[in-house]
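The structure appears below as structure tokens.
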Amino acid sequence: PVTFAEVDHLDGWQDDDGPTDIDNSSIGCKHHNRAKHRNRYRAERRFDGQIIFHRPDGTPMLPIGQRPPPETDEQTQNRHLRRRIESLYELGREHDKRLNTRDSDL
Numbered sequence: 016p017v018t019f020a021e022v023d024h025l026d027g028w029q030d031d032d033g034p035t036d037i038d039n040s041s042i043g044c045k046h047h048n049r050a051k052h053r054n055r056y057r058a059e060r061r062f063d064g065q066i067i068f069h070r071p072d073g074t075p076m077l078p079i080g081q082r083p084p085p086e087t088d089e090q091t092q093n094r095h096l097r098r099r100i101e102s103l104y105e106l107g108r109e110h111d112k113r114l115n116t117r118d119s120d121l
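Numbering-wise (the working numbering), the sequence shown opens with residue 16 and increments by one.
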């Protein structure tokens, strides 16, 4: 549950001199946050915002059934990011429409 979530550093501030700012933060449970630092796992935020964990040997840990992300150039990354932003914008517009519809029914 979200009540057990903690903000954690992607790059540890103590061992790896990671900055203590929002760009170096992620949300996780206490167990996994501690295990990451204790066992020397590494986390990185991809260009699309997804957090990928790496084992101590550097291999990525992906959710079951997922393939490793393809290597892409900056132009492709920007196109994917633009699509993601547009879809979030549309989602927000749909949400606003539903709220406005409910308000007019009152």
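For every residue, glycine included, the Cβ atom is placed at its ideal position computed from N, Cα and C.
Buried versus exposed call for residue i [16 or more other C-beta atoms within 10 Å across all chains shown]
| i | result |
| --- | --- |
| Lys45 | exposed |
| Asp23 | buried |
| Lys51 | buried |
Own chain partners of residue i with C-beta closer than 6 Å, once the 5 adjacent residues on each side are dropped
| i | result |
| --- | --- |
| Ala58 | Leu25, Ile66 and Phe68 |
| Asn93 | none |
Any C-beta of chain B under 7 Å from that of residue i
| i | result |
| --- | --- |
| Leu25 | You won't find chain B in this structure, because it holds only one protein chain. |
Own chain partners of residue i with C-beta closer than 8 Å, once the 5 adjacent residues on each side are dropped
| i | result |
| --- | --- |
| Asp72 | none |
| Arg70 | Tyr56 and Met76 |
| Glu105 | none |
8 Å contact criterion, which residue i and residue j should meet: CB distance rounded
| i | j | result |
| --- | --- | --- |
| Ala20 | Ile37 | The pair is not a contact, with the Cβ atoms about 15 Å apart (cut-off 8 Å). |
C-alpha gap between residue i and residue j, whole angstroms
| i | j | result |
| --- | --- | --- |
| Gly64 | Gln90 | 17 Å |
| Asp111 | Arg99 | 18 Å |
| Arg108 | Ser102 | 10 Å |
| Asn48 | Thr74 | 18 Å |
| Asn54 | Arg60 | 19 Å |
| Asp88 | Thr18 | 38 Å |
Residue i (DSSP reduced to helix, strand or coil)
| i | result |
| --- | --- |
| Arg57 | strand |
| Gly43 | strand |
| Phe68 | strand |
| Asp38 | helix |
| Asp23 | strand |
Contacting residues, own chain, Cβ-Cβ under 7 Å from residue i (five flanking each side not counted)
| i | result |
| --- | --- |
| Asn39 | His24, Leu25, Asp26 and Gly33 |
| Leu96 | Phe62 and Asp63 |
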